[in-house]
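Input: a single structure, listed below in structure tokens.
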Amino acid sequence: QQQVKQSPQSLIVQKGGISIINCAYENTAFDYFPWYQQFPGKGPALLIAIRPDVSEKKEGRFTISFNKSAKQFSLHIMDSQPGDSATYFCAASGGGFKTIFGAGTRLFVKA
Amino acid sequence: SAVISQKPSRDICQRGTSLTIQCQVDSQVTMMFWYRQQPGQSLTLIATANQGSEATYESGFVIDKFPISRPNLTFSTLTVSNMSPEDSSIYLCSVARGSGGAFFGQGTRLTVV
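Line order of the protein sequences matches chains W and E. With the first letter of the first sequence counted as 1, position 52 gets the number 52 in my numbering; the numbers rise by one all the way through. With the first letter of the second sequence counted as 1, position 88 gets the number 1088 in my numbering; the numbers rise by one all the way through.
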């Protein structure tokens, strides 16, 4: 009930390509779904987030797609750049529950 | 946005000793959260610290091992007690964002030898 499952564990994308990371959740009480970006030696930083009343949110090159019926959401990074190489965590929170993090995806963008 | 400062940024400690990690926030917050991130792993919530009350610990974490103080609305400490090599992790302080999600400090990288 409390898990957030994230895939893939690692991802290699060519510069200019699209990076796609997927997450699935169980608890329908979650009402906030953020994505965090973490560089080595740094704390996670909020990248983009969505609430379940919308199916898509776009901020610059980053887009979240949200499928409420399937209880799945994904992060798309368009025109991926080497500077996007980092670990990405999906998360879910709400309904009085703590923030639950996915396992993380290590993204490497090849120049 | 909140600015969170953690001290120390990293430390190497002998097993059996204790380390206290400090977290300072630049604004008053009701709840502060302490996370552990083991090498190459995700973030696991240790406990939630409310000012004026005892911290609430998650399953698998106990107060004797991870005592927490929250003396005011901008400061908290986490102590890792009687350390063993398995405690080698990054410890992160976090506060909630008003609009959702969380701000994180830079973390404290702890190595126990």
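Where a beta carbon is used, it is the ideal one built from N, C-alpha and C, also for glycine. These numbers come from a predicted model, not from an experiment.
(request) Output the distance between the C-alpha atoms of Asn-59 of chain W and Gln-1024 of chain E, rounded to the nearest integer angstrom. (result) A quick correction: the sequence has Glu, not Asn, at residue 59 of chain W. Using only the alpha carbons, I get a separation of about 30 Å.
(request) Could you work out which residue in E:Ile-1063, E:Pro-1039, E:Gln-1038 is closest to Thr-953 of chain E when comparing CA atoms only? (result) Beyond the ends of chain E as shown, which are 1001 and 1113, falls residue 953 of chain E; an answer cannot be given.
(request) Please name the residue, chosen from W:Ala-92, W:Ile-100, W:Ser-10, that lies closest to Gly-1040 of chain E on a Cα-to-Cα basis. (result) W:Ser-10
(message) Quick check: the Cα distance between Tyr-36 of chain W and Leu-1019 of chain E, rounded to an integer number of angstroms?
(response) 28 Å
(message) Give me the chain E residues within the contact set of Ala-103 of chain W, using Cβ-Cβ distance strictly less than 9 Å, ordered along the chain.
(response) Gln-1041, Ser-1042
(message) Taking 7 Å as the limit between beta carbons, can you name the residues of its chain near Pro-40 of chain W, skipping five residues before and five after?
(response) none
(message) Which same chain residues end up closer than 8 Å to Lys-15 of chain W when comparing Cβ atoms and leaving out the 5 residues on each side of it in sequence?
(response) Ser-80, Gln-81, Pro-82, Val-109, Lys-110, Ala-111
(request) Taking Phe-89 of chain W as the query, report the chain E residues whose CB atoms sit under 8 Å from its CB, ordered along the chain. (result) Ser-1042, Leu-1043
(message) Tell me the rounded alpha-carbon separation between Met-1083 of chain E and Thr-1044 of chain E.
(response) 18 Å
(message) Beta-carbon within less than 8 Å of Val-1113 of chain E's beta-carbon, same chain only, minus the 5 sequence neighbours each way: which residues are those?
(response) Ile-1012, Cys-1013, Gln-1014, Arg-1015, Pro-1085
(request) Measuring only between beta-carbons, confirm whether Gln-1106 of chain E sits less than 7 Å from chain W. (result) yes
(message) Since Ala-1002 of chain E and Val-1095 of chain E should fall inside the 8 Å C-beta cutoff, what is the C-beta to C-beta distance between them, to a whole number of angstroms?
(response) 5 Å
(request) Since I believe Val-4 of chain W is in contact with Gly-102 of chain W (beta carbons under 8 Å), could you give me their beta-carbon distance rounded to a whole number of angstroms? (result) 4 Å
(message) Below 9 Å on C-beta distance, what does Ala-1102 of chain E contact in chain W?
(response) Pro-34, Tyr-36, Pro-44, Leu-46, Ala-91, Ser-93, Thr-99
(request) Could you round the C-beta distance between Thr-87 of chain W and Gln-38 of chain W to whole angstroms and report it? I think they count as a contact, below 8 Å. (result) 5 Å
(request) Sort out for me which residues DSSP pairs Ile-50 of chain W with in a bridge. (result) W:Phe-33
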